[in-house]
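Position in the sequence shown (from 1) plus 1001 gives the number in our numbering. All C-beta atoms, glycine included, are put in the ideal place defined by N, C-alpha and C. Presented below is the structure to which this report refers.
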Amino acid sequence: MPSRPLFFLSFRKAIAKSGLQHMVAQPTPTFALRSDSEREIRNSVDWSETAVYGEHIWFETNVSGDFCYVGEQNCVSKMLQKPMSKRKCAACKIVVHTPCIEQLEKINFRCKPSFRESGSRNIREPTVVRHHWVHRRRQEGKCRQCGKGFQQKFAFHSKEIVAISCSWCKQAYHSKVSCFMLQHIEEPCSLGAHAAVVIPPTWILRVRHPQNPLKSSKKKKRTSFKRKSSKKGPEEGRWKPFVIKPIPAPLMKPLLVFVNPKSGGNQGTKIFQSFMWYLNPRQVFDLSQGGPKEALELYRKVHNLRILACGGDGTVGWILSILDQLRLNPPPPVAILPLGTGNDLARTLNWGGGYTDEPLSKILSHVEEGEIVQLDRWNLQVDPKPEGNLEEKDETATDKLPLDVFNNYFSLGFDARVTLEFHESREANPEKFNSRFRNKMFYAGTAFSDFLMGSSKDLAKHIKVVCDGTDLTPKIQDLKPQCLVFLNIPRYCAGTMPWGNPGEHHDFEPQRHDDGCLEVIGFTMTSLAALQVGGHGERLHQCREVVLTTSKAIPMQVDGEPCKLGASCIRISLRNQANMVQKTKRRNSMPVLNDQQPIPERLRIRVSRIGMHDYEALHYDKEKLKEASVPLGIIVVPGDSDLELCRTHIERLQEVSCQINYCKGKVQFSTTADRFYRIDRAQEHLNYVTEISQDELFVLDPELVRTQTVGTSAMPDLVDVPSTPTKQHLPLPISPPSTPNNDFSKFKELHRAGKDLMMRDPTGQTVLHHAVKSGSKEIVKYIIENAPAEILDVAEENGETSLHQAAALRQRTICHYIVEAGASLMKTDLQGDTAKHRAEKANDPDLAAYLENRQHYQMIQREDQETAV
C-alpha cells in the first residue's frame, strides 16, 4: 500500500488540532467520557475553578433546517429514528439534539475558548488567538477566498457541508481544499470587525488555588501568597479562580455588556445570547445572576474599558451606583441599549426610545465610535421632621426615599401617587401585571381616578421650596401645581420635553445634562395633559441646590421608584458627573477589514414603499420584500446626506405622509446584508444614507393596504385608488333628513346593480366616509354588513377613518356600529389624533369615555393574542 503524501498528513494533523474532525475520517476516540453526575448542560458561563476549557453554552431551540452537528454516524436521534429536542450553542451557533451533546466529546469538538490556563507552559506560548473553525450547512455572504456566494437555497435542507467559518472573526470559506487551505488553520485570528471591543481569551487566565498546587515545588510561592494576602482586607484577600491580564493597546476599547433579561419582554434573553456570538462570552453578563459588581471588580484594571447597559433607565442607574461604590478612576463610560418602557436617558443620549430589530453588530459599532459625554448626578439627603402635623400623620409613610441619588428626575405629587399605586398593586397581585399593555391600562385608570378625587390639589399648601437661596414658595402657591418635578435631563415621561424646546425658554438657559444645574418645573392637570401633545410645564427655576420642606406625607418618586415620604427636609445637591457614551452620526455602518469605498459626490437612489403587513411577514427575505414593494421614484441627493434630508426629497417626490418610518435595505459591510430593519424616526439625523444603501431605499408605510385572493400564491395587488372619478364610483344619494328611507332604498339598488362598496373618490374617501357625513345609520349599517372588513380602517388623504369622522360629528350610534364591527381604535390621523381624541375635541366626554374603554379592551385583547402566539 503506498504511503500517504506528506501534505495530506500535515493537513489531517492541522484539522485535528483545529477541531474540524468531519473533514477527514476519524477513528472513535478511546478516552473515557465524564460520568452523568459530572456532566452538566450549561446555559451560562462557568466562573468556578472547575470551568471546562471550550465548554459550550446551550439554549433550547426549535430550528428545523439545521441538522445535528455530530453527523448521522453519531446522532442519537438518527439511530433511534425519533424526533428529539434540540439545543443551540450561543457562542459558536452549532445545533445538536440534547442527547447528542455528549457525542461532541467523541468527535472532540469544543466551543471557542473564552480563557487560557495560567500554567508555565501556556505563559511561554505566544499570546495570540487562533481561529475557531466550524462546519456550516448554511452560510450567509461570500467565500473570502474565491468571492463566490454560498448556495443557500440548496443548502437549507442539504446534509452537505457548504462552508467553514470562524466563530471569532466570522470569516467563511467554501468547504473545499481550493478555498479553505492549510494556512487558514494555523494563522492567527484577527477577531473580526469588532476586534476593538472584543476581550481576547488570552487576557483571561484561570489560576490554580494556592492550597491545591500542581507541584510541591511551589510551596514557597504559596507561603508568600498567603503572607501577602493576610495583609489585605476580606474582599481583596479573597482568592478568585480567574484574573484579567490585559495587554495595553491604545486603539482597543474593551466592552462589558450587562443585560437585564427582565426588560423588554423576551428581548433581553435573545440579546444576551446574540452578544455571546459577537463577543467573548466572558464579557457578557446576566444582571439577574448577582448584579454587575463582581464583573466590574474583575475587569477594573482594563484600560479604555466601556460598558453597554441593556435595559431600562433603572438598569443604567444601578450600574452607575456600583461604579460609585468601586471608585474606579477614571470611571468607564456607559452606553445604553434601551429595553425598558420610558428610556428617557437613552433618548437624551441618542440611543432611541426602545430597541426594535437593529442588528447588534451595528449597535457594537455605535458603542465603539460613540462620543464620551458627562451626566450630572444628584444627591438626595432626607432629614425627617418629627414635629410635623401629628393630626395628619400617615401610618403608611416612610422616613427615607427608595434611592439617595438620581440621574433623570425627582418628583412629588400627582405623577408619584399614580406610580406608587401601580407598584403597590403589582406587589400585591404580581400575576395580574404580566403584560405591558395591561400595565399601561392600569396607569391610565389610576391617573383618571386620582384626577377625579383631586388627591394632589393641595400640594402647594404643604411644601416650601428654596432654590439657591431664592424662596419659590409664593410662586408655587400662586400656580397651585399638582406635580412638582426636579429634572436633570431634557426628557421625561417616555420622551416628552417638560422644559420645552430650545428657543422657548425666554428667561432661562437651554437645558443640558452636564451643566451642573437642575430645572424646577410645576405642572397643573392642564399642563400635564398638554405634555403628551408637545406642551410643557411652568418653568420655575434653574438652580444648583434645592432645599425642599414638606409638612405632611406626600407621594414622591426618584427615577421611577415611588414611596410616600413623611414630613421631611430634603436637600438636593450635585453628587458627581458620570461618563456616558452618546451615539453620534457616523460615516460607515461598521468597521471592516477591507479598505473603505470612497463616498460618491451624488447618489441616485430608487425609493420604494412597503406596507406594514408585508414588512412584518417578509423582512427576513430581501427578494420577496422587494417584490411586495411599490416603486415611488428616484431621488438625487449629495453623498453625505442623512436620512432627514432624504425624507424631504421623498415627501416632494410623491407627497408621502410625514408619519412614515424608514426601513433599512441592503446594509453594506454587514453580515446582515439580506435583512431589513427599521430606524426610529427620531434617529434619522444620526444615520447617513451611505450607511443604508447607495442605490435603493425603502419606506415603511403603515397605511399601505394590500388585498389577496384566497388560495393564490401570487403577490397581491394594491387597492385601486383612482386619481379621477370613474363610472365605477358608487354615488351616495344624500337627501334631506326627512326622507332617509329613499336614500337607503336607492343605495341598496345601486349595490345590487353591481356597484363596488370598496371604491374610493379622489380624496381617498370610501362610501362609508360619505355615509357617516350624511348621518344615515341604515346606510352605515348596510355597508358594514356587506363590505369587506378592510373598509373600517381605510383612511382618506388627511388620515381620517370613518370612525374619526363619526367621533368628530358626535354620532354615538354610528360609532357603536363601527367599533363593534372591529374597527381599530388605535389608528391616528396626520395630527396624531385617535377617535377618542376627536370626540374630546368635539366636547362629547361620554363618547370619548366609551371609545377609551373600548380602546383599552382592544389593546388588552391584542396583547393576549400576541402572547398566545
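Assuming the contact rule is C-beta atoms closer than 8 Å, residue i and residue j should be a hit. Round their C-beta distance to whole Å, please.
| i | j | result |
| --- | --- | --- |
| E1798 | T1835 | Not quite, the Cβ-Cβ distance comes to about 18 Å (not below 8 Å), so this is no contact. |
| K1254 | V1198 | 6 Å |
| Q1812 | V1768 | 16 Å between Cβ atoms; not a contact. |
| L1421 | V1559 | The pair is not a contact, with the Cβ atoms about 12 Å apart (cut-off 8 Å). |
| L1701 | M1613 | 7 Å |
| Y1070 | V1097 | 5 Å |
| G1343 | D1314 | 6 Å |
| F1068 | R1138 | 6 Å |
Could you give the DSSP three-state label for residue i: helix, strand or coil?
| i | result |
| --- | --- |
| V1071 | coil |
| V1053 | coil |
| E1853 | helix |
| S1078 | helix |
| I1780 | helix |
| E1797 | coil |
| M1526 | helix |
| Q1859 | helix |
| R1492 | coil |
| Q1533 | coil |
| E1602 | coil |
| E1562 | strand |
| P1639 | strand |
| C1518 | coil |
| E1416 | Per the sequence presented here, residue 1416 reads as Asp, with Glu not at that position. Three-state DSSP puts D1416 in a helix. |
| K1465 | strand |
| C1101 | helix |
| I1205 | strand |
| Q1512 | coil |
| P1475 | helix |
| I1245 | strand |
| F1577 | As written in the sequence, residue 1577 is Asn, which differs from the Phe given in the question. Three-state DSSP puts N1577 in a strand. |
| V1690 | helix |
| L1541 | strand |
For residue i, count the other beta carbons within 10 Å of its own beta carbon; 16 or more makes it buried, fewer makes it exposed. Which is it?
| i | result |
| --- | --- |
| A1754 | exposed |
| D1757 | exposed |
| Q1766 | buried |
| G1535 | exposed |
| M1557 | buried |
| W1169 | buried |
| G1291 | exposed |
| S1086 | exposed |
| N1874 | Because the chain in this structure spans residues 1002 to 1870, residue 1874 falls outside the shown range and cannot be described. |
| L1519 | buried |
| I1042 | exposed |
| Q1597 | Because the pLDDT of Q1597 is 40, which lies under 50, any placement of that residue in the model is unreliable, and the number read from its coordinates should be weighed accordingly. So Q1597 ends up on the exposed side. |
| E1853 | buried |
| V1129 | exposed |
| Y1818 | buried |
| Q1856 | buried |
| T1802 | buried |
| S1574 | exposed |
| D1416 | buried |
| L1804 | buried |
| E1161 | exposed |
Hey, would you say residue i sits closer than 8 Å to residue j, going by beta carbons?
| i | j | result |
| --- | --- | --- |
| D1515 | L1376 | yes |
| C1468 | V1547 | yes |
| S1115 | P1202 | yes |
| C1564 | T1399 | yes |
| P1499 | T1349 | no |
| L1346 | I1337 | yes |
| C1167 | C1147 | no |
| E1050 | P1242 | yes |
| T1497 | L1532 | yes |
| R1307 | L1256 | yes |
| V1046 | P1282 | yes |
| P1385 | G1567 | yes |
Checklist entry - Hey, which unbroken runs of the alpha helix (DSSP H) at 4 residues or more fall wholly within the region 1335-1407? => result 1345-1349 and 1361-1370
Item to check | Ordered list of alpha helix (DSSP H) runs contained in the region 1112-1197, each at least 4 residues | outcome: Fully enclosed alpha helix (DSSP H) runs of 4 or longer: 1121-1125, 1153-1156 and 1183-1187.
Checklist entry - Can you give, in chain order, each stretch of the beta strand (DSSP E) that sits fully within the region 1252-1329 and has at least 3 residues? => result 1256-1260, 1285-1287 and 1307-1312
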